[in-house]
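A short write-up of the structure that comes next.
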Amino acid sequence: MITSDLIKIADNQGSVYGDKSCLSCEDSSDASTGVCSTESEGSVTSYMLSPGGRRYFKPTVDASRIPFRGQVFETLEKGCKFYIDYGGLSGFDIQKTTEKRTEDQKTVILKHYVCNRKGFNDVDLGSSDCSGSKEVQGRRTMSRRCGCKAKFVLKITSVKTYYVFSFVELHNHPLVSESGRHFLKANRKMTVGLRNIVFDSSKVNIGPNKAFCFAKELYGGYANVGATLCDFRNCDRDLKLYVGERDGQMMIDKFKVMQETCKSFYYAYDVDSDGHLTKLFWADAVGRRNFELYGDAVSFDATFDTNK
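Residue numbers for the sequence shown follow my numbering, beginning at 244 and rising by one.
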C-alpha cells in the first residue's frame with residue numbers, strides 16, 4: 244500500500260513513481276546535465292534533468308569500473324562482485340532480486356541486481372490478528388526506498404559465461420558522499436586481521452568497543468578500518484556463540500597440549516555432577532621451582548580496580 248505521505252516523499256526525492264518522463268541509460272540524450280556539490284562533505288555528483296524536471300543522479304566513477312551492456316564475465320560470482328565494487332565506489336548498496344534457473348534448478352539463467360532503494364515499503368499501521376478480535380500496531384520504521392530503477396541484469400550465454408543483458412545507470416536519489424561510503428555494506432568486511440583483533444582482545448578481557456577504538460588507532464582512522472562498531476560487536480557475539488558452553492573443556496584441552504609439550508607442567512581440575520568445571524589448578528616449571536625454593540607466596544594485583 245502506497246500512502247499519500249510516501250508519494251510526497253518520493254516526489255521530493257525524484258522517484259519514478261508516477262513520473263512519465265523517467266530516464267534510462269538509453270534515452271538520456273534529451274536530458275540536461277549538471278553538477279551538485281556539498282562543500283561540507285567534499286563530494287561532487289553529476290545529475291541529469293528529465294523533461295519533466297526530475298533529477299537523476301549519475302555515479303562519478305572511472306570508466307573502466309562502469310558496467311556496460313554486452314560485457315562478459317566468466318562466472319556469475321565475478322559479475323556480481325564487479326557490480327558490488329561499482330556500487331561501493333559510486334555510493335550505493337545493491338540487492339539481489341529475481342533469478343531464473345534451468346528445470347533442474349542447478350544453473351542460473353538470468354539474475355537481477357538492483358539498488359537497495361528500489362521499490363516502496365508497504366505501510367499499514369493498523370491491522371487485526373488472525374482471530375480478528377485484536378488490533379495489532381505495526382512498527383514505525385523509517386524507509387529509504389524511493390522507487391529507484393537502477394539495475395544490473397546478467398544472462399547466461401551458450402558457452403556458460405554471463406553477459407550484461409541490461410544495465411540502468413541513473414539513480415533517482417542522491418548517492419552517498421565520499422566521507423560516508425565506508426559505511427556501505429559493499430565497503431565493509433571483517434577481514435582475518437580484524438577478527439584476530441576481536442579474538443585477541445577477548446582473551447585479555449577487552450570488549451568489542453575498545454577493540455574497535457584500538458583498530459581505529461592502528462589503521463589511522465575510522466574510515467580506514469573497513470568495518471563498523473556494529474560489525475565488531477557481531478563478530479564478538481559470533482565468537483561467544485561458537486564457544487558456547489565448551490569454554491571449560493577448551494581450557495582442559497589446552498592444558499593437555501601444554502603438558503605434552505612440557506612434562507614439568509602440572510594441572511588438576513574438578514567437576515560437579517553435571518560435568519561443569521568447578522575447580523582448576525595449574526603450575527608451570529618456573530612456578531614449581533620457585534615453590535621448592537621459597538615456599539608459599541602471596542601476590543597482590545595493584546591494578547585490579549583499574550582493569551575492571
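Every residue, glycine too, gets a C-beta built ideally from N, C-alpha and C.
Treat the numbers as computed from the prediction; the structure is a model and nothing was measured.
Item, Value
"Local conformation of residue 396 per DSSP, three classes", "strand"
"Alpha-carbon to alpha-carbon, residue 361 and residue 388", "6 angstroms"
"Close-in-space but distant-in-sequence residues of the same chain around residue 341 (CB under 6 angstroms, 5 per side omitted)", "355"
"Pairwise C-alpha distance: residue 296 and residue 434", "44 angstroms"
"Residue 486 burial status per 10 Å Cβ neighbour count (16 or more: buried)", "exposed"
"Touch test, the region 327–339 against the region 415–428, Cβ-Cβ under 8 angstroms, three pairs minimum", "yes"
"N-terminal and C-terminal residue of the alpha helix (DSSP H) that residue 458 is part of", "451–462"
"Buried/exposed call for residue 358, threshold 16 Cβ in 10 Å", "buried"
"Cβ pair residue 540, residue 508 closer than 8 angstroms", "no"
"Span separating the alpha-carbon of residue 395 from that of residue 301", "15 angstroms"
"Whole-angstrom distance between residue 532 and residue 538, CA atom to CA atom", "9 angstroms"
"Check whether residue 326 and residue 308 have beta carbons under 8 angstroms apart", "no"
"Buried versus exposed, by CB contacts within 10 Å (16 or more), residue 322", "buried"
"Backbone CA spacing between residue 312 and residue 408 [nearest angstrom]", "6 angstroms"
"Residue 427, DSSP secondary structure in three states", "coil"
"Residue burial classification, residue 430 (beta-carbon count within 10 angstroms, cutoff 16)", "buried"
"Assumed close pair residue 332, residue 343 - CB separation to whole angstroms, cut-off 8 angstroms", "Not really, about 29 angstroms apart at Cβ, beyond 8 angstroms."
"Identified DSSP bridge partners for residue 511", "524"
"Buried versus exposed, by CB contacts within 10 Å (16 or more), residue 453", "exposed"
"Nearest-angstrom Cα separation, counted from residue 457 out to residue 520", "33 angstroms"
"Beta-carbon spacing of residue 482, residue 445 below 8 angstroms", "yes"
"Inter-residue Cα distance where the pair is residue 264 and residue 484", "Residue confidence is low: residue 264 scores 46 on pLDDT, short of 50, so the model does not pin down where it sits. No coordinate-derived value is stated."
"Helix, strand or coil at residue 433 [DSSP, three-state]", "coil"
"Proximity winner among 511, 476, 364 and 403, relative to residue 391 (alpha-carbon distances)", "364"
"Three-state secondary structure assigned by DSSP to residue 342", "strand"
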